[in-house]
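Single-structure report; data block below.
Laid out in structure tokens, this is it:
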């Protein structure tokens, strides 16, 4: 999935812009970032949030079973797992926050004191199940 698909998804689904605004909120919680990332990825991979059992793992399984019936599987195009998406969302959030600090400071570089973010130290990236 590339940047083109990302942009076209936002153009077609204006309500998703509100969802991803959490990535620009310096006060966002870990849960808010993880949920926003998962919601966006579900839409990106063609999932439907209105179905009761739709999370990334369910969508991944559904797309896998559809792919397995075809002569040529496309396993590389499956959505990430919930845990992988959580990690990706948190990393993306921190990168956006770091870049915003660079742009807002006008320094052109990120001072060492600005990263890592204190409230994110020791974040548990995987949900123990």
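In my numbering, the protein residues as written are 2 to 130. A virtual CB, placed ideally from N, CA and C, is assigned to each residue, including glycine.
Just reading off the alpha helix (DSSP H) that residue i is part of, what are its end residues?
i          : result
residue 73 : Premise fails: residue 73 is in no alpha helix (DSSP H) and is neither H nor E.
Quick check on residue i: buried or exposed, where buried means 16 or more other Cβ atoms within 10 Å of its Cβ?
i          : result
residue 76 : exposed
residue 72 : exposed
residue 92 : exposed
residue 74 : exposed
residue 87 : buried
residue 35 : buried
residue 37 : buried
Given 7 Å as the limit, tell me if residue i has its C-beta closer than that to any heavy atom belonging to the ligand FMN.
i          : result
residue 45 : Of ligands this structure carries none, so the ligand FMN is not represented either.
Self-check item: Entirely enclosed alpha helix (DSSP H) segments - the region 6-89, minimum 4 residues
Solution: 16-21, 31-45 and 57-69
Quiz item: Counting pairs of beta carbons, one from the region 94-104 and one from the region 51-67, are three or more of them closer than 8 Å?
Solution: no
Quiz item: Touch check for the region 63-77 and the region 18-26: three-plus C-beta pairs under 8 Å?
Solution: no
Quiz item: Does the region 37-49 come close enough to the region 9-17 to have 3 or more Cβ pairs within less than 8 Å?
Solution: Touching, per the Cβ criterion.
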